[in-house]
Amino acid sequence: AQDGEFWLSAVYLVVNLLRCNMYIGTVSVQLGDFPGTPEQVSFYTTLFVIILPVGGLLSIPFVGYLIDTHGTTVSLFGISITGTIHGILSLLVIFPIEIQLGSFVCVALFRALLFSAITTYFFSRYGEKRFGVVFGIAAFLAGLGNLSEYFLVRMVLNQLDGHFFWVNLVLLVVELLLFSFPVYLRMKEKEEEREREEKRKMEAQYYQWN
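This is the structure in structure tokens:
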């Protein structure tokens, strides 16, 4: 588990899990940054609590279909895309709070994709024999990374007047940088496809000559 791909995948998991868990844990505070009354904040917080599990449950068939039909790499792109859309929506604090409905849906789909696609990636990449150890290390690192949530929230409350804008902006930039992971996997797949095609052509020529 010392190759560069492992560390890139581990960072991908750490950052995305941190973003997901931090938003879930602080959604009521973050919604307070948007124009709206305390009653609206309370209503939309309750709505998020409903949408998160229900949306996640309803998205399971879609996630399964996406992985089975289009593969792990496309599903990882789905994580990055939904995470990016959510990140952008969380920064639009000058817009009405109603716009966060889109963010809630993105988080529900993002969360379902994250756990399904990441697990599938590690299993397909490292195989049954190495999956437990490799995924265990990645999950351990993700757990350590999520300890930073406490310090980030404390910084927001004590130094940023309770506003998550700058923390969300930094995490969004990191999310955009981590598009490099599915992009790398796609490039790797295309290279492997090219090599298989060349091998097939060479074998065809060999049998033709013989």
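Per my numbering: the sequence shown = residues 846 to 1055.
From the three backbone atoms N, C-alpha and C, an ideal C-beta is built for every residue, glycine too.
Note that this is a predicted model, so its numbers are computed, not measured.
Checklist entry - Can you name, in chain order, every residue of its own chain whose Cβ lies under 8 Å from the Cβ of Leu1005, other than the five neighbours on each side? => result Trp1011 and Val1012
Item to check | For Phe960, three-class secondary structure by DSSP | outcome: helix
Item to check | Asn861 burial status per 10 Å Cβ neighbour count (16 or more: buried) | outcome: buried
Checklist entry - According to the Cβ coordinates, are Ile942 and Phe879 closer than 8 Å? => result yes
Item to check | Option nearest Gly827 by Cα separation, candidates Phe893, Tyr889, Ser969 and Ile896 | outcome: Nothing in the structure corresponds to residue 827, since the chain is present only between 846 and 1055.
Item to check | Cβ-Cβ separation, Ser948 to His931 (assumed contact under 8 Å), whole Å | outcome: 5 Å
Checklist entry - Is there contact between the region 898–911 and the region 990–1004, where contact requires at least three CB pairs shorter than 8 Å? => result no
Next on the checklist: So, at 8 Å on beta carbons, what are the nonlocal neighbours of Gly870 in its own chain, with the 5 sequence-adjacent residues on each side left out?
Outcome noted: Glu994 and Val998
Item to check | Local Cβ density within 10 Å of Thr914, reported as buried at 16 or more and exposed below that | outcome: exposed
Item to check | Nearest-angstrom Cα separation, counted from Arg1041 out to Glu1034 | outcome: 10 Å
Checklist entry - In three-state terms, what does DSSP make of Phe940? => result coil
Item to check | For Ile896 and Ala953, believed in contact at Cβ under 8 Å, the rounded distance | outcome: 6 Å
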